[in-house]
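When you line the sequence shown up against mature numbering (1 follows the signal peptide of the UniProt record, and there is no 0), it's residues -18 to -1, 1 to 607, in that order. Cβ coordinates follow ideal geometry from the N, Cα and C atoms, glycine included.
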Amino acid sequence: MSLTNRRPFLLASLVALAGCANSPDDDLPLTYDEAPVSELGPLVDGIPPNAELPDESKADEVYPARFDLLETQTPVRNQGSRGVCSIFATAALMESLYISEGTITSPDFSEQYLQWSVKTEVGAFTNTDGSSAQRNLEAINRFGIVEESLWPYESRGWSTTQDAACTGENRPVRCWTNGEPPAAAREGMRWHLPAGRWIRSTPRSIQGHMVTKRTPVVVGGDFFYQAWNHGGSMLPTNGENSRRGIVMSPNDADIADSRMRPAGHAFLLVGWDSEMEVQRLDGEGNPVVDAMGRPVMERGFFMFKNSWGTTRFGTEGTQPDGYGWISFRYVEQYLTAYVSAVPTVRLPPETCNNTSDDDRDGAIDCEDSDCASDRACMDSTSETTHSAMPMVAIPDNTPAGVSSEIVVAEAGAISSLAVTVDITHTYRGDLQVRLERDGRVVTLLDRAGGADDHVQQTFSVADFNGVDAAGTWRLVVVDTASADVGTLSSWSLAITRCEGASCGGTEQTREHSATPAAAIPDDSTSGVTSDIVVSDAGTISRMSVTVGITHEFPMDLTVRLSRVGGREFVLLREASIDAGSFERTFAVEGFVGESVTGTWRLTVVDGARNDVGTLDRWSMSVTTR
């Protein structure tokens, strides 16, 4: 039956891509922690009738009997005990699309971050573990997600062990996201995909998409326990089919049984075998035969990439471990199909002294040919490191803060300077960190990072280029709010001096500003935006953004900076700021090394109800070479 005909069944029994079946234990048949069940209405919202969706096939096209996209797949992951199958399916799609694009050969994106983005930035499914491919791709398209290394996946969800509020029906969003992103994830580069879209879930439509676009398809929908050989089935299951990863369309008994414990599952289709046949089973698990005693076969199966690991499901057969085969009939009758497209990847140029391979060419800093003419690399033989370990407490909510000095005896004009700090603190959003030398003050960190712990970070500082390195350098750390405390453990200076000639190109600093005086929409995911168009040329060496806002409850706000058509960084999220007018300056390192030319956009989002405000003004201070 079509999606139109089965909508009542969907609404009554489907945890559509949200109450996903969880990972199996060691015993066969596959057993799970209890499948999470959430409110069903929001989970199926927006699913259009199958017959109204675009058919990706051509009427006269003959598709091959066998086809796969295995060459563009990353390793099979394991979602653990959390009901986040659609998150994993969408991340698998994204990784496959990036492999197809070719710039990044081994992509690994953070499922943990995508889960957080859907619920916090998109604001969808905030009281359940689950999500949907549509909302996942909305998050990736609008906001982007970071790589796995910046926020690794946690296979178990939060309980009262992690947070006393994580129990009962109305849990805070943080219980479903396992908290907030760490500072590295908040500040990391976000990766995007083109907007997603539905396609018709008939076999020929899906085959047409795979052959024409050479990209896989996320499907999700009804989960039938016996068909999946799931240990929660009240009917007999088939261990051999489970080991082979075979999922047939449900029989009537399985449908009736599964309606009593509604659940859903999502995964990635990566190929098919239209000639594959498997004998059907009845509700008692017996092979089905016709009136003449001949086997009744199910013909035509899609190959899919699952998210249950590689040790139990789909470990026998022609497919790789952890993959499975699901019947054409199951997909067409009970699942929806969602796709995206190969992204356009624009990597930043190599920054020559930040110990990172920014342009993904396998060479870091001065090993990269892009840095051959950079003074930090030309003068690399004259680099010295100077450090201090004060191990001093940071006074709580004290404007004077605490300071530590490093005396540098060696003279020489600076061509590059890196400052590394190690601060332990229970709320890094309270902290302001400054570097001072002979009356010149450079703010390294200005109350960024929200509720994350600690500041263990290296800052590239161009403000002292050309200055004599010899002298007294002072690091000042100020705790600007009460309650949370910490310690300045250590800090260091890595100084590269110019040799002979000048310290490179002349720097210019220009100010760009806007005064939108625009109302911030209350409880809106899109928020208000303001653009600054920069026509100047030059490569960014440092950049700061100052934002002036009036708001009744600033904890509601998220502030983001992006260059239209490029990357986006979060400047402020749910900061503890007094009501009224406030102004904040943010050091933005993410665009260093990129061209300043373009349209820069500030977005302010109010993510909660009742309190309102305005984006009064904002400005950019950009130093270029």
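Sorted by chain position, which residues of the same chain lie with C-beta nearer than 6 Å to residue i's C-beta, five sequence neighbours on each side aside?
| i | result |
| --- | --- |
| Phe441 | Val401, Leu426 |
| Glu38 | Ile181, Ser187, Gly190, His191 |
| Val587 | Gly509, Thr540 |
| Ala147 | Pro154 |
| Ser544 | Glu550, Arg583 |
| Pro372 | Ser386, Leu470 |
| Asp350 | Glu332 |
| Thr454 | Glu387, Val389 |
| Phe310 | Pro185, Gly282 |
| Asp8 | Caution is warranted here: a pLDDT of 41 is assigned to Asp8, below 50, making its placement in the model unreliable, and the coordinate value is therefore given only provisionally. Same-chain partners within the cutoff: there are none. |
Pick from the options: whose alpha carbon is nearest that of residue i?
| i | options | result |
| --- | --- | --- |
| Leu470 | Val128, Gln414, Asp347 | Gln414 |
| Phe205 | Glu136, Ala323, Asn233 | Asn233 |
| Pro498 | Gly84, Glu169, Leu597, Phe284 | Leu597 |
| Arg59 | Asp255, Gln438, Thr293, Pro536 | Thr293 |
| residue 608 | Ile477, Arg524, Phe535 | Residue 608 is absent from the model: the chain starts at -18 and stops at 607. |
| residue 674 | Gln61, Ala395, Ala501, Asn211 | This structure leaves residue 674 out entirely; the chain is present only between -18 and 607. |
| Tyr45 | Leu263, Val193, Thr585, Ala451 | Val193 |
| Thr318 | Gly203, Glu103, Glu418 | Gly203 |
| Thr408 | Asn592, Tyr207, Asp434, Arg156 | Asp434 |
| Gly299 | Met285, Trp455, Ala167 | Met285 |
| Val529 | Ser517, Thr511, Gly520, Val460 | Thr511 |
| Ala451 | Val384, Gly411, Ile388 | Ile388 |
| Ser197 | Gly178, Gly265, Gly282, Gly139 | What sits at residue 197 in the sequence shown is Thr, not Ser. The residue with the shortest Cα to Cα distance from Thr197 is Gly178. |
| Gly265 | Thr491, Ile237, Ser506 | Ile237 |
| Thr326 | Phe568, Thr85, Val270 | Thr85 |
With DSSP as the reference, please indicate the residues paired to residue i in a beta bridge.
| i | result |
| --- | --- |
| Asn60 | Trp290 |
| Ser386 | Leu457 |
| Trp600 | Ala496, Val529 |
| Asp204 | Gly246 |
| Gln439 | Val403 |
| Gln261 | Met279 |
| Gln511 | Per the sequence shown, the amino acid found at residue 511 is Thr instead of Gln. According to DSSP, Thr511 bridges with Thr585. |
| Phe49 | Trp254 |
| Ile477 | Thr366, Leu399 |
Can you list, in chain order, the residues of its chain with a C-beta nearer than 8 Å to that of residue i? Leave out the 5 residues immediately preceding and following it.
| i | result |
| --- | --- |
| Ser495 | Ile514, Arg599, Trp600, Ser601, Met602 |
| Cys353 | Glu332, Cys334, Asp347, Cys359 |
| Ile522 | Phe573, Val574, Gly575, Glu576, Ser577, Val578, Val604, Thr605, Thr606 |
| Glu151 | Asn109 |
| Gly267 | Gln208, Leu217, Pro218, Thr219, Asn220 |
On the criterion of 16 or more Cβ atoms from any shown chain inside 10 Å, does residue i qualify as buried, or is it exposed?
| i | result |
| --- | --- |
| Gly253 | buried |
| Lys287 | buried |
| Gly275 | exposed |
| Ser224 | buried |
| Gln261 | exposed |
| Lys101 | buried |
| Ser240 | buried |
| Gly28 | exposed |
| Met242 | exposed |
| Arg48 | exposed |
| Thr143 | exposed |
| Arg591 | exposed |
| Arg138 | exposed |
| Asp420 | exposed |
| Thr159 | buried |
| Asn447 | buried |
Spatial neighbours of residue i within its chain, please: CB distance less than 7 Å, with the 5 preceding and 5 following residues excluded, ordered by chain position.
| i | result |
| --- | --- |
| Thr532 | Gly562, Ser563, Gly595, Thr596, Asp598 |
| Glu130 | Asp90, Phe91, Ser92 |
| Glu103 | Ala121, Phe125 |
| Ile69 | Glu93, Leu96, Gln97, Ser113, Asn118 |
| Ala115 | Leu(-2), Ser68, Ala71, Thr72, Gly178, Val200, Gly202, Ala248, Tyr320 |
| Asp343 | Asp350 |
Inside the region 263 to 351 only - beta strand (DSSP E) runs reaching at least 3 residues: List check, beta strand (DSSP E) in window: 279 to 287, 305 to 309, 317 to 321.
Completely contained beta strand (DSSP E) runs for the region 369 to 417, where each covers 3 or more residues: Runs found: 374 to 376, 384 to 390, 396 to 407.
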